[in-house]
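And the structure:
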């Protein structure tokens, strides 16, 4: 008789995999509170919040945080607008080249980051655009659009078109139908896509390396800190901040979309 309970071996393998994946993150969290300035003094000598005050009193850290937040917000806004419009255009209508358009939308997230970054840098140089905040935002938006597009088109496909037809039959115009029918059904998927796009943009480093020019986002600041061993405690604090800022939107997006089958008008049971 088949048992629905997992065997001890399977449970052990699952927990082993989780520990393997998250142990390095745990180490960074622990050493962010270590009293010693030495990089890897084990065991940690004590608990302190001193390095947090040091990190947030440094102008270079604050400037990098502000820049990363600014870029992530702008890239997310662009991605939400373009991703939603693309999903609305593609989810029901069949036309010549539709598959090609879908492939072009998904391609930036499928390509290695170094290929995307090099392609963007070449395009910007060909157009005479100097790398800076503008090029970073455009570079991030190219792959953030995919995240929003995938979330929104999945929700479109689970929303019955009869709801829209019923709204129009009852006398609602296009704006009213969008406001009272389409937008409420898309809201959680759109928000989840935006949160994921923000997290992806905030900690992006490969594409940013090619498009940043003289600008220094928080991930680039962290990369530069690898050559400064005396700043390891401050680096650990900032790394922990990056992980928290990216982890929270991902968890939020998960909770927003995990009940997607219960959306009004969907075919979920």
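Numbering (this note's numbering), first residue to last: -15 to 253. Ideal Cβ positions, reconstructed from N, Cα and C, are used throughout, including at glycine.
Going by the CB atoms, is the gap between residue 185 and residue 100 shorter than 8 Å? Position 116 of the chain shown, counted from the first residue, corresponds to residue 100. Position 201 of the chain shown, counted from the first residue, corresponds to residue 185. It is not a contact, given that the beta carbons lie outside the stated cut-off.
Buried or exposed: which applies to residue 34, given that a residue is buried once 16 or more other Cβ atoms fall within 10 Å of its Cβ? Within the chain shown, numbered from 1, the residue matching residue 34 stands at position 50. Label assigned to residue 34: exposed.
Determine the extent of the alpha helix (DSSP H) in which residue 47 is found, giving its start and end residues. Locating residue 47 in the chain shown gives position 63, where the first residue counts as 1. Element bounds for residue 47: 43 to 74.
Among 135, 220, 167 and 202, the one whose alpha carbon lies nearest that of residue 178: On the chain shown, residue 178 is found 194 positions in, with the first residue counted as 1. Considering only alpha carbons, the answer is 135.
Near the ligand PLP: residue 160 beta-carbon under 7 Å from a heavy atom: The ligand content of the structure shown is nil, which means the ligand PLP is not present either.
Just to confirm the assignment: which complete alpha helix (DSSP H) runs, minimum length 4, are found wholly within the stretch 79 to 121? 82 to 94 and 97 to 110
Residue closest to residue 203, alpha-carbon to alpha-carbon, out of 188, 237 and 215: Locating residue 203 in the chain shown gives position 219, counting from the first residue. It is 188.
Cα-Cα separation, residue 97 to residue 7: Start at 1 with the first residue of the chain shown, and residue 97 comes out as number 113. Start at 1 with the first residue of the chain shown, and residue 7 comes out as number 23. So the alpha carbons of these two residues sit roughly 26 Å apart.
Please return the same chain residues whose Cβ sits closer than 8 Å to the Cβ of residue 17, not counting the five positions on each side in sequence. The residue given as residue 17 occupies position 33 in the chain shown. So the list reads 28, 31, 32, 33 and 35, once near-sequence residues are dropped.
Is it the case that the Cβ atoms of residue 93 and residue 140 are separated by a distance below 8 Å? Within the chain shown, residue 93 is the residue found at index 109, counting from 1. Within the chain shown, residue 140 is the residue found at index 156, counting from 1. No. Outside cutoff.
Skipping 5 residues on each side, what residues in its chain have a beta carbon closer than 7 Å to that of residue 229? Residue 229 sits at position 245 when you count from the first residue of the chain shown. Here the set comprises 186.
When DSSP labels each residue in this structure, what does residue 40 get in the three-state scheme? Translated into positions along the chain shown, residue 40 becomes position 56. Coil at residue 40, not helix or strand.
Thinking residue 151 and residue 165 are a contact (beta carbons under 8 Å), I'd like their distance in whole angstroms, please. Within the chain shown, the letter at position 167 stands for residue 151. Within the chain shown, the letter at position 181 stands for residue 165. Yes, residue 151 and residue 165 are in contact; Cβ-Cβ is about 5 Å, under 8 Å.
For residue 18, list the residues DSSP reports as bridge partners. What you label residue 18 is simply residue 34 of the chain shown in a count that begins at 1. Answer is 31.
Cut-off 6 Å between Cβ atoms - residues of its own chain near residue 263, not counting five sequence neighbours on either side: Beyond the ends of the chain as shown, which are -15 and 253, falls residue 263; an answer cannot be given.
Given that a residue counts as buried once 16 or more other Cβ atoms are within 10 Å of its Cβ, and exposed if not, what is residue 240? For the purposes of this step, residue 240 is taken as the residue at position 256 of the chain shown. Looking at its Cβ environment, which holds 16 or more other Cβ atoms inside 10 Å, residue 240 is buried.
Run through DSSP, which three-state label would residue 154 get? In the chain shown, the residue the question calls residue 154 occupies position 170. Coil at residue 154, not helix or strand.
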